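Q: Chains as they are written, first to last, in our numbering: chain A, 2 to 325; chain B, 379 to 766.
Glycine included, each C-beta is placed from N, C-alpha and C at the ideal position.
Predicted model, so just to flag it, every value in this text is computed and none were measured.
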């Protein structure tokens, strides 16, 4: 079985689906001949040609607006937004149009598409190449939000997303784009949307995270382990629809919860997780729920490692929660 | 007055179009106000039966508007938007398309929906948001959607449909089909980012898209002079590498002609065209608007004498097609249809409660299953509409 990084896994999924389904088209800035600034669409232009791998003018509202029209016509567009930080010019098209098309037309106009976008900090990208805007989209009825943490899931989830009937915001953790490597089966397989994965079984503390923070949590778990703690790490993989069953089962087992996300803390996705657990499993809790998140500031350039949840902050949170 | 018999600006001739766009007050015309075809005009062929059908269509929009705005005033309708004086823009666009083409309307072109087969009953059910509303009571009145006639769901935010229409046209091109997308918007929309983004994408991609700008002079209370510093709106097309054509928006024959040129161009793979139809919004922006607060009523009166339906009627008289008897028959049929539609729509109940939750996604996800149960098993508000 080949060992891929996340970019190669994404590329593999796109190629596979474009071969399988000629309705699939890729569009975005620099996705054609160049293969994307992160190379995720590398080679697709040569294989599938300019009609299906489209270099668009530089305007995110145009990329998503045009993709909506393509989806309404019956194509399966997979637009790329070069960095999640640049998605805001398309925000109205995503939130007011894409997310609502099926609903506002009484079910006449489904609008299936997958918006791929690299997100998150840790690459020395400053404010505008580091943001994690997932909460805006998880808050919008009509969108699915999917965030893989490793190559196997990236390919399997992307294939599921491209075959679904709903719009998907597919956020790729660019900090571990190349660093996260793993075996990826050749050919077709899917990872279901809406199912979390337990990436480290444990008894003491439930750690909830997604995307690049999974790697931070796994590193923190090593430190926790050496201190004698036994955290259970859950990779949400899909924020919407959320796998509440897996989360609540774990919380009922451990009674203790640490939530890790790199977006600003206030109203971040962890706030929803925290509220969910308080609503559904309060009587099982042995300690306050703790959130380890980005600070409520714009994303800093030089001090990004201090800003981002670090293995050190996470392992302290695990210890404090376990010993509360 | 407008020059008589001026040559039609051929969309393929960017120079002519460019000059046209700069002429500001010289929209292309075929019919004068008495319904005469201008000498030398290149008159499109419209068979007799179609002429009458177009007349009936415009009359239907006018009669419905007159009646429904009154119903809104009486409190029988929540909200309404009329298009009085702009009917020719609906039907000029409609007539030049095939049913297999696609339409992205804004909220002021109901005529194109009627032309393609949307019934007065469909229209009225949507206004009432009742259990037979094609969109299940999900949007305010006049936000129609009718997939069975390739009419795309209408949005309230202005201009959002423009890049979508471009994407649709682009998709047709990718799919090697000769379908065309027609997108309507008002002159106010040309100030949005989406207009410029859409025009640019279409120009670059040579998308078979027709940008139909209904310049009716007013965006709620903002006059067209406050939307742009350029000489009219069609001139903007030039910057995106496509022809821009200015047409008299109250001259149905002229609109048909420029639309047919644009469609021909699009189907031939020559790319997009922008049409600016100069007309006038004689009513308020919506039933919530009061134009007397911001514009001179004399302006409205002046435009009443330049009515698109009356001009078409005079043309039909000269062709020997129009009679008072035919008119009366149409008016009676339309009124009866309206009365039946209203009676039926008002008698129908609201959509069922589960329509709050369906169609958010293809399938109901667990959190919506839970929330639906919460609504169905919970207390109902006293102010509710009684769905079950």
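Rounded C-beta distance between residue 620(B) and residue 647(B)? I'm assuming under 8 Å.
A: That belief does not hold up - the Cβ atoms of residue 620(B) and residue 647(B) are roughly 13 Å apart, past 8 Å.
Q: Within its chain, find whatever has a CB closer than 7 Å to the CB of residue 400(B); leave out the 5 residues flanking it on each side and keep chain order.
A: Annotation note: pLDDT 36 at residue 400(B) (below 50); position unreliable, coordinate value reported separately. Excluding positions up to five away in sequence, the list reads 609, 613.
Q: Unbroken alpha helix (DSSP H) runs of length 4 or more, entirely within the stretch 214–288 of chain A: which are they?
A: 214–227, 245–255, 270–282
Q: So that I know if they touch, is there some Cβ in chain A lying closer than 8 Å to that of residue 402(B)?
A: Caution is warranted here: a pLDDT of 49 is assigned to residue 402(B), below 50, making its placement in the model unreliable, and no coordinate value can be reported.
Q: Quick check on the DSSP output: what are the complete alpha helix (DSSP H) runs of length 4 or more inside the stretch 94–148 of chain A, in order along the chain?
A: 102–105, 135–139
Q: Is residue 28(A) helix, strand or coil when you go by DSSP?
A: strand
Q: Who are the near neighbours of residue 502(B) in its chain, counting only those whose CB is closer than 7 Å to its CB and skipping five residues on each side?
A: 719, 720, 723
Q: Relative to the C-alpha of residue 684(B), which candidate in 429(B), 465(B), 445(B), 483(B) has its C-alpha closest?
A: 465(B)
Q: My output table needs one value for residue 527(B): the three-state DSSP class, helix, strand or coil.
A: helix
Q: Which runs of the alpha helix (DSSP H) fall wholly inside the stretch 603–690 of chain B and span at least 4 residues, in chain order?
A: 614–617, 630–645, 675–682
Q: Tell me whether residue 182(A) sits in a helix, a strand or coil according to DSSP, three-state version.
A: strand
Q: With a CB to CB cut of under 6 Å and the five nearest residues on each side skipped, what residues in its chain are close to residue 507(B)?
A: 515
Q: Who pairs with residue 209(A) in a beta bridge, going by DSSP?
A: 235(A), 260(A)
Q: Is residue 53(A) helix, strand or coil when you go by DSSP?
A: It is coil, neither helix nor strand.
Q: Where DSSP assigns a beta bridge to residue 805(B), which residues make up the other side?
A: The requested residue 805(B) does not occur in the structure, where chain B is confined to residues 379 to 766.
Q: Name the one or two DSSP bridge partners that residue 1(A) has.
A: The question about residue 1(A) has no answer here: the residues shown for chain A are numbered 2 through 325.
Q: Who are the neighbours of residue 26(A) on chain B, taking C-beta pairs under 7 Å?
A: 552
Q: Look up residue 23(A) in the DSSP assignment and say whether it is helix, strand or coil.
A: coil
Q: Once DSSP output is grouped into helix, strand and coil, what is the label at residue 551(B)?
A: helix
Q: Report the three-state DSSP secondary structure of residue 294(A) (helix, strand or coil).
A: strand
Q: Does DSSP put residue 694(B) in a helix, a strand or coil?
A: Here DSSP, grouped into helix, strand and coil, assigns residue 694(B) to helix.
Q: Mind the definition here: the stretch 190–204 of chain A touches the stretch 21–32 of chain A only if three or more C-beta pairs lie below 8 Å; say whether that holds.
A: Short answer: they don't touch.
Q: Counting only the same chain and skipping the five closest in sequence on each side, list residues whose C-beta sits under 6 Å from that of residue 76(A).
A: 24, 26, listed in sequence order.
Q: DSSP beta-bridge partners for residue 16(A)?
A: In the DSSP assignment, residue 16(A) is bridged to no other residue.
Q: Quick check on DSSP: helix, strand or coil for residue 558(B)?
A: coil
Q: Candidates 42(A), 3(A), 38(A), 122(A): which alpha carbon is nearest residue 11(A)'s?
A: 42(A)
Q: Under a Cβ-count criterion, where at least 16 other Cβ atoms within 10 Å of its own Cβ denotes burial, should residue 2(A) be classed as buried or exposed?
A: exposed
Q: Skipping 5 residues on each side, what residues in its chain have a beta carbon closer than 8 Å to that of residue 228(A)?
A: Excluding the 5 residues flanking it on each side, residue 228(A) has same chain C-beta neighbours closer than 8 Å at 316, 320, in chain order.
Q: How would you call residue 95(A), buried or exposed, if buried means at least 16 neighbouring beta carbons within 10 angstroms?
A: buried
Q: Between the Cα of residue 665(B) and the Cα atoms of 488(B), 434(B), 446(B), which residue gives the shortest distance?
A: 446(B)
Q: So, helix, strand or coil for residue 402(B), using DSSP?
A: With a pLDDT of 49 at residue 402(B), under the threshold of 50, the modelled position of this residue cannot be trusted, and the question is left open.
Q: Please return the same chain residues whose Cβ sits closer than 6 Å to the Cβ of residue 429(B), not counting the five positions on each side in sequence.
A: 694, 699
Q: Judging by CA-CA distance, which residue of 181(A), 271(A), 221(A), 65(A) is the nearest neighbour of residue 149(A)?
A: 181(A)
Q: Counting along the chain, where does the alpha helix (DSSP H) carrying residue 513(B) start and finish?
A: That residue, residue 513(B), is in no alpha helix (DSSP H); it is neither H nor E in DSSP.
Q: Might you give, ordered along the chain, the residues of its own chain that have their beta carbon closer than 6 Å to the beta carbon of residue 128(A), omitting 5 neighbours on each side?
A: Apart from the 5 residues on each side of it in sequence, residue 128(A) sits with its Cβ closer than 6 Å to the Cβ of 299, 300 in its chain, given in chain order.
Q: Spatial neighbours of residue 531(B) within its chain, please: CB distance less than 7 Å, with the 5 preceding and 5 following residues excluded, ordered by chain position.
A: 523
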